[in-house]
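Enquirer: A single structure is presented below for examination.
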Amino acid sequence: MARRWWLEGRRLNLSLLAEELGIGRATLMRWVGNKDLLMGEILWSLYKGIYDQAIERAEATPELKGIDFLTQIYTDINVALIDAKPLHDFLHNEPQWALQLLTSHISGLQQRLIDTWTELFEQQIAAGLIKPEMDAESLAFYIIKIGEGAIYCDLVCGREPNPGPASTAFRLLVNGHSN
1 MARRWWLEGR
11 RLNLSLLAEE
21 LGIGRATLMR
31 WVGNKDLLMG
41 EILWSLYKGI
51 YDQAIERAEA
61 TPELKGIDFL
71 TQIYTDINVA
81 LIDAKPLHDF
91 LHNEPQWALQ
101 LLTSHISGLQ
111 QRLIDTWTEL
121 FEQQIAAGLI
131 KPEMDAESLA
141 FYIIKIGEGA
151 IYCDLVCGRE
161 PNPGPASTAF
171 RLLVNGHSN
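Encoded structure:
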């Protein structure tokens, strides 16, 4: 229900959510931990759906291998996140909280993103399809930070979100060169 509310553009109000669910606020807090963790789950559900779709599209294109496969996934995700209206609304309605949840460890989202990309990089490394100059976990951390720069730059520094330069930076970091 909280996810549905957020997708509809409603603010996350735990008292109203508990009332709607017919439970006490204390019960809701035992279930979800806190507001940051609940919002982290909602944001993860958005990201995971986008990630899974990007993987599916890349796998449906057999000629994509290694760095091209990974760059396509990365670019698709960044484009989808830039275009995601609920995320855009959240960032503009509650910028400080949104950026804190999206870019720090408090909601659990960052670690999930790092773990997801680390696993994907490890698969590609094990298959001999990429040979990055750094370990998979560090690589995952830095590509996530680059993506954040592309997605949230309108709030952070007044620039227009643009996935293109982030994709080039992704290639440089993962591959050692831009093509």
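Heads up: the sequence shown begins at 1 in full-length UniProt numbering, then just goes up one per residue. The beta carbon of each residue, even a glycine, is placed where N, CA and C say it ideally should be. The structure presented is a predicted model; accordingly, all values stated were derived computationally and were not measured.
1) Any chance the segment 5 to 14 sits against the segment 74 to 92, with 3 or more Cβ pairs inside 8 Å?
2) Is it buried or exposed, Leu21, if we count other Cβ atoms within 10 angstroms and call 16 or more buried?
3) Met29 by DSSP, collapsed to three states: which one?
4) Can you list, in chain order, the residues of its chain with a C-beta nearer than 6 Å to that of Tyr47? Leave out the 5 residues immediately preceding and following it.
5) Using 8 Å for Cβ pairs, my map puts Ile130 next to Asn78. What's the rounded Cβ distance?
6) Should Ser104 go down as buried or exposed, given a rule of 16 or more other Cβ atoms within 10 Å for buried?
7) Give the C-beta separation of Tyr74 and Ile143 to the nearest angstrom, bearing in mind that I take them to be a contact with Cβ-Cβ under 8 Å.
8) Decide if Ala26 is buried, meaning its Cβ has at least 16 other Cβ atoms within 10 Å, or exposed.
9) Does Asn162 come out as helix, strand or coil in the three-state DSSP assignment?
Expert: On the basis of the coordinates in this document:
1) Counting Cβ pairs under 8 Å, three or more are found: they touch.
2) In the sequence shown, the residue the question calls residue 21 occupies position 21. So Leu21 ends up on the exposed side.
3) If you number the sequence shown from 1, residue 29 lands on position 29. Helix, per DSSP.
4) Here the question's residue 47 lines up with position 47 in the sequence shown. Here the set comprises nothing.
5) Locating residue 130 in the sequence shown gives position 130, counting from the first residue. Locating residue 78 in the sequence shown gives position 78, counting from the first residue. Incorrect: roughly 19 Å between the Cβ atoms, too far for contact.
6) Your numbering for residue 104 matches position 104 in the sequence shown. It counts as exposed.
7) Residue numbering aside, residue 74 sits at position 74 when the sequence shown is read from its first letter. Residue numbering aside, residue 143 sits at position 143 when the sequence shown is read from its first letter. Confirmed, about 7 Å.
8) The residue you call residue 26 lines up with position 26 of the sequence shown. Exposed.
9) Stepping through the sequence shown from its first residue, residue 162 is reached at position 162. Correct three-state label for Asn162: coil.
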